[in-house]
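All remarks here apply to the structure that follows.
Residue numbers (the UniProt record's numbering): 1 to 808.
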């Protein structure tokens, strides 16, 4: 998935062309478990022209990469519908933010419907259980075969005497009337609340597959049909020595408890997407726009590129843009994780969704709609949350054979009871088979990995770490070596003047009492010349002079010598600024000051020699200063057992000076972009798992070569596309935080898979009656359904713990 997720498109109508291939995200409805997801994914993958298909049970969509010459979006939609699940064409002009809002609304409606049906079913089941007590009493002394249900036995021993004393009138009701009432109640509940299970089970059967709905439908359907037969033709059972018991209440309770599990699961799944919802809510619906000198409030979608937008204190910034006037502090923590507000003034960039705090700003709208930073973050996060971690393949392989295996176990269970324990009767074999069908739950395995991916990527986004999918998340766990680019990563990437040493024109020795006039004269002339240069060090030089209030004259006869320096004329004086080679070319003596310059270089600074009319007058030192948090961040990496390597194109002396300050383990200096790739390969050849952190275009090849590429969001777009993780914050703390998040997430995934697997390994044999020969313990189908309901919920709840993970 590396580099494929930050796709700039028109919105998640999300059809993105890439050469002959297209990527499309198609909404899918009706999936309830891992078996559903696997079935839809297999069918899509088998379609002609499909290069890759990923189906998300959590997001209810399918992301497909396909060849436009061999298939189409409408054909893919029909292929999904052909599996029995719902699908529709993505809306062409729907933005990713609108799509997420629609998804959240659908999720909320589904949760409310499930909750309503679950509550009604449990109330009906409880009423049915009470009304069943007189029937059990009536048939209890007949000596006919009874189902050995421990739950029912407990109710007979404990609940029955209590009910007789509290509700004696209930035991005077006509038995046939009770049966028919329960029959009607169960028919209503199964056809209303349980309808979804039977429809989907039938659809799966039509497509020669099976899923969780198949198990629920078979278990409850068998109990319902048996009870209906007992109600309609009780004499048939009596004639064969079997009590005409009805199990309508158990059928209703099983449906109710399974729906409780679905409800809890739906609610928890909604919580996993909380990070996305928070991001969506950041965008205001309207904006104040200044047109023809008149302020007016307009809908967000009406803003055009270049519009002047006014933002007052306490308002959210509607779109990305560049400040034209005003000064304020802006809270960007919701997008970048930066805890402190950022000062904004003319020419600074602002991001839509961030909060303007104390001042008013007027800015020019630039990136709108799908191109805005907020939309790109939401899109990346959605795709990441819908992606699949490699560990998911374990669950996929199990889910593919799970339901057919359970059906086989249920049949074997019934046969085993009839053959090995014929004295127990048909009903004992029947209840054991039903318990096996009801307790089996492929959902827990299907949710084990996706829920953890969703919560982890959401937690990362809250901290300012955008992880491009489950694969990157899993690879991060194995990292043992972190390679850091120097400029813009360890250092600020903005050179600053650190020293200005003024020299005597006649003796080239340091002046003890340099006058302000002399300093200003040299600075003014040198900065005027550097203003004509495009070199990064020149910008630092000019900024240094401007901050001292100097008005810079115009330079003439400017000439640049790449790798050496610049020469020109300012106010009739010939100005030279550069390295010793440039000085020697013009006959300027520098020998007395060589030791001073070498000391500056040893401290990681770049000395610039300044001469006026071929006389050395000053040495100015420029350095790319270390970010305030770099030392602490690298210490955290060491604490996590990571080896830290600095990789830079700078010279050895400067690189080692920086390395000593931040305490990296190894320095690789003086390398070109191709050399950076080779350095990564060399580390990988040493069997190291390497993460590369960088922010520039020259880092992109190395980021792509590394096992995991982490890019600083302040860097170039190509670097962000090449990386697997984007760090929205400007410091390195996100690197250690990303590794911590990955390791904890993988631990949760393994816990989820383990317990989901163990639940079925232990639960199914118990339901089949494995403990009965020794302990006389049987598992009631009602208890089995409760266990099934809680299994998926427990997996999702375990994943939700990641939301509270401390990353600082």
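Beta carbons are placed, not taken as given, at the ideal position from N, Cα and C, and that holds for glycine.
So, is the C-beta of residue 439 closer than 9 Å to a C-beta in chain D?
Given the protein chain composition of this structure (a single chain), no chain D is represented.
For residue 742, name the three-state secondary structure that DSSP assigns.
As a working note, residue 742 is residue 742 in the chain shown. Helix.
Residues near residue 884 by beta carbon distance below 6 Å, same chain, minus five either side
Nothing about residue 884 can be reported from this structure: the residues present for the chain run from 1 to 808 only.
For residue 214, which three-state DSSP category applies?
Against the chain shown, residue 214 aligns to sequence position 214. DSSP places residue 214 in helix when its eight states are reduced to three.
At which residue ranges does the segment 592 to 671 contain complete beta strand (DSSP E) runs of 3 or more residues, listed in the order of the chain?
606 to 612, 615 to 626, 643 to 647 and 666 to 668
For residue 343, which option in 332, 788, 336 and 434 has the closest C-alpha, if you only look at C-alpha atoms?
For this step, residue 343 is matched to residue 343 along the chain shown. Closest by alpha carbon: 332.
Considering only residues of the same chain and omitting the five flanking positions on each side of residue 552, which have a CB-CB separation below 8 Å?
Along the chain shown, read from residue 1 onward, the residue named residue 552 stands at position 552. The residues are 524, 527, 528, 531, 542, 545 and 546.
According to DSSP, residues forming a beta bridge with residue 299
As a first step, residue 299 must be located in the chain shown, where it is residue number 299. Residue 299 is bridged to 286.
CA-CA distance, residue 624 and residue 712?
As a first step, residue 624 must be located in the chain shown, where it is residue number 624. As a first step, residue 712 must be located in the chain shown, where it is residue number 712. Distance between the alpha carbons of residue 624 and residue 712 is about 17 Å.
Since residue 810 sits in a beta bridge, which residues does DSSP pair it with?
Limits of the chain in this structure are 1 at one end and 808 at the other, which puts residue 810 out of reach.
Do residue 321 and residue 363 come within 9 Å of each other at the CB atom, strictly closer than that value?
Here residue 363 is taken as the residue at index 363 of the chain shown, counted from 1. Here residue 321 is taken as the residue at index 321 of the chain shown, counted from 1. Closer than 9 Å, so yes.
Could you tell me whether the segment 787 to 795 touches the segment 752 to 764, using the rule of 3 or more Cβ pairs below 8 Å?
yes
What did DSSP end up calling residue 167 once you bin it into helix, strand or coil?
The residue labelled residue 167 in the question sits at position 167 within the chain shown. The answer is coil: DSSP assigns residue 167 none of H, G, I, E or B.
Give the DSSP-derived three-state secondary structure of residue 781 in the structure shown.
Position 781 of the chain shown, counting from 1, holds the residue named residue 781. Residue 781: helix per DSSP, three-state reduction.
With residue 588 and residue 616 assumed to form a contact (beta carbons below 8 Å), what rounded beta-carbon distance in angstroms separates them?
Walking along the chain shown from the start, residue 588 turns up at place 588. Walking along the chain shown from the start, residue 616 turns up at place 616. Residue 588 to residue 616, Cβ: 5 Å. Contact.
Under DSSP, the beta strand (DSSP E) around residue 466 begins and ends at which residues?
As a working note, residue 466 is residue 466 in the chain shown. 465 to 467 is the extent of the beta strand (DSSP E) around residue 466.
Reducing DSSP to helix, strand and coil, say where residue 727 ends up.
Stepping through the chain shown from its first residue, residue 727 is reached at position 727. In this structure, residue 727 counts as strand in the three-state DSSP scheme.
Run through the segment 419 to 475 for me and flag every whole beta strand (DSSP E) of 3 or more residues, listed as ranges in chain order.
465 to 467
Rounded distance between the beta-carbons of residue 258 and residue 785, thought under 8 Å
Along the chain shown, one-based indexing puts residue 785 at 785. Along the chain shown, one-based indexing puts residue 258 at 258. Indeed, because the Cβ distance is near 6 Å, the residues count as touching under 8 Å.
Quick check: what's the CA-CA separation for residue 732 versus residue 799?
In the chain shown, the residue the question calls residue 732 occupies position 732. In the chain shown, the residue the question calls residue 799 occupies position 799. Approximately 26 Å between the Cα atoms of the pair.
Where does the unbroken beta strand (DSSP E) through residue 491 begin, and where does it stop?
Here residue 491 is taken as the residue at index 491 of the chain shown, counted from 1. Note, residue 491: beta strand (DSSP E), 491 to 502.
When we look at the beta-carbon of residue 265 and count the other beta-carbons within 10 Å, is it buried (16 or more) or exposed?
Position 265 of the chain shown holds residue 265. Residue 265 is buried by the Cβ-count criterion.
Can you tell me the Cα-Cα spacing of residue 224 and residue 253, whole angstroms?
Residue numbering aside, residue 224 sits at position 224 when the chain shown is read from its first letter. Residue numbering aside, residue 253 sits at position 253 when the chain shown is read from its first letter. Distance between the alpha carbons of residue 224 and residue 253 is about 12 Å.
The alpha helix (DSSP H) enclosing residue 479, as first and last residue numbers:
Here the question's residue 479 lines up with position 479 in the chain shown. Taken as a continuous stretch (DSSP letters only), residue 479 belongs to no alpha helix (DSSP H), as it is neither H nor E.
Do residue 482 and residue 637 have their CB atoms nearer than 9 Å?
Numbered from 1 along the chain shown, position 482 holds the residue referred to as residue 482. Numbered from 1 along the chain shown, position 637 holds the residue referred to as residue 637. Going by C-beta atoms, residue 482 is nearer than 9 Å to residue 637.
What is the DSSP secondary structure of residue 519, counted as helix, strand or coil?
The sequence position of residue 519 within the chain shown is 519, counting from 1. In the structure shown, residue 519 sits in a helix (DSSP, three-state: H, G or I).
Tell me residue 561's beta-bridge partners as DSSP assigns them.
Here the question's residue 561 lines up with position 561 in the chain shown. Paired residue(s): 565.
Determine, using beta carbons only, whether residue 658 and residue 680 come nearer to each other than 9 Å.
Translated into the one-based positions of the chain shown, residue 658 becomes position 658. Translated into the one-based positions of the chain shown, residue 680 becomes position 680. No, these two residues do not count as a Cβ contact at 9 Å.
By a C-beta neighbour count over all protein chains shown, 10 Å radius and 16 as the cutoff for buried, is residue 99 buried or exposed?
Numbered from 1 along the chain shown, position 99 holds the residue referred to as residue 99. Its Cβ being crowded by 16 or more others within 10 Å, residue 99 is buried.
Go to residue 61, then tell me how far its beta strand (DSSP E) extends in each direction, as first and last residue.
Numbered from its first residue, the chain shown carries residue 61 at position 61. Residue 61 -> beta strand (DSSP E) spans 61 to 67.
Going by other Cβ atoms of all chains shown within 10 Å of its Cβ, with 16 needed for buried, is residue 143 buried or exposed?
Position 143 of the chain shown holds residue 143. Note on residue 143: pLDDT 40, under 50, position unreliable in the model; no value is reported.
Span of the alpha helix (DSSP H) around residue 246:
Residue mapping note: residue 246 aligns to position 246 of the chain shown, counting from 1. No alpha helix (DSSP H) holds residue 246; DSSP gives it neither H nor E.
At a cut of 8 Å, does the segment 402 to 422 reach the segment 430 to 437 through at least three beta carbon pairs?
yes
Counting along the chain, where does the alpha helix (DSSP H) carrying residue 391 start and finish?
On the chain shown, position 391 is the one that residue 391 refers to. Premise fails: residue 391 is in no alpha helix (DSSP H) and is neither H nor E.
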